[in-house]
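These notes are about the structure you will find just below.
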Amino acid sequence: MLAQLNMTLRLMCLSALLVVSQGASAEPVQCEPTLISNFEGELNAQTWRVVEGDGCDVGLCGWGNNEVQHYSSQAVQIVDGALSITASEKEGHITSGKLVSDEGFSQQYGRFEARIKLPSGRGLWPAFWMMPQSDSRWPLAGEIDIMEWTGNEPNRLIGAAHFGPLPPNNVHYSETLRLPDPWNADWHEFAVEWGPDRIQWEVDGRTHSTMTPDNILPHPWVFDRVPFYLILNVAVGGTLGGEVFVEDLPATMLVDWVKAYPASCAPENG
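If you're matching positions, the sequence shown starts at 43 in the numbering used here and goes up one per residue.
Printed below as a string of structure tokens:
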């Protein structure tokens, strides 16, 4: 009788442990974002560095893509709670803006997203992208382009990654998403989820492209080495921007906020 009672108690304890264990495993993983910027008040200089010049001082005249703009801090403002980057022309001189977080924020793996209203203007080439915290020459440590868009093809959105050997033998992976209406007609949320063996592009919560090591063979997967920092800019002209129409300037890209989620929220392998 005592042995039967002991067995009953052990079974009751085991059942209680199973209930607790199942309840704990059912709890969802909390993936709270880090608000990099909501662009209220002044630009956070501890996070963002404003780029100046045409790239010649760093050996990249035209920023390596034959772009025609000269970056200026005057092209970057906070207006009504949003970041404003304006490309403009005066007396044949085109200026625009570029922000980088290389001195304030970088992260390896996770989810990175921004809410953006693209500008209107032919020849514009705005982007939200990421570069590695590395001394390696481009693109040996990679590049992740979360969003690229051009005013000369306003219905096309591009997500891309660059890798491979040094130029001119460098390569890239890219996918496009087309809409019946131009992408600059409204606000959109652009995002990338980056994990050890996967990069996944999203817009407005919809996945439109996924890259894995198998997609880029025989090139090695270099997106597992260092943290990456964020970049927001509006380029003008160049290899992707194409022909510039100065009568379309000034033109402004607006950014409502930028967020980053922790690496634990990156997509699973496979």
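Cβ atoms here follow ideal geometry from the backbone N, Cα and C, with glycine treated the same way.
Here the structure is a predicted model, which is why all the values come from computation and not from measurement.
Opposing strand residues paired with residue i [DSSP bridges]
i, result
"R198", "R220"
"D118", "First, the amino acid is wrong: residue 118 is Val here, not Asp. Looking at the DSSP assignment, V118 forms a beta bridge with I127."
"L141", "V92 and L274"
"Q149", "F270"
"D290", "In the DSSP output, where bridge partners are listed per residue, D290 has none listed."
"S79", "V300"
"W191", "L199"
"W171", "D187 and I273"
"E109", "G279"
Whole-Å CB distance - residue i paired with residue j, under 8 Å assumed
i, j, result
"S79", "W299", "6 Å"
"I158", "F147", "Contact flag wrong, Cβ pair sits at about 18 Å."
"V278", "V286", "6 Å"
Coil, strand or helix - residue i by DSSP
i, result
"G280", "helix"
"W299", "strand"
"G165", "coil"
"A227", "helix"
"G237", "strand"
"V100", "helix"
"W180", "coil"
"A39", "Residue 39 is absent from the model: the chain starts at 43 and stops at 312."
"A87", "coil"
"E133", "coil"
Rounded straight-line distance, which links the Cα of residue j to that of residue i
i, j, result
"G280", "D246", "28 Å"
"V234", "E289", "34 Å"
"L162", "P292", "Going by the sequence as given, residue 162 is Ser instead of Leu. Going from the Cα of S162 to the Cα of P292 covers about 9 Å."
"G283", "R220", "17 Å"
"M295", "G193", "12 Å"
"S115", "V93", "7 Å"
"M173", "P304", "18 Å"
"L182", "A202", "15 Å"
"T128", "E217", "27 Å"
"H204", "D239", "15 Å"
"V121", "E82", "9 Å"
"G134", "P224", "28 Å"
"G237", "E244", "14 Å"
The ligand MN heavy atom lying under 6 Å from the CB of residue i
i, result
"D144", "This structure simply doesn't include the ligand MN, nor any ligand for that matter."
> Could you give the uninterrupted runs of the beta strand (DSSP E) lying entirely in the stretch 247 to 275, keeping only those of 3 residues or more?
Replying inline: Considered as a whole, the stretch 247 to 275 harbours 248 to 253 as its complete beta strand (DSSP E) runs of no fewer than 3 residues, in chain order.
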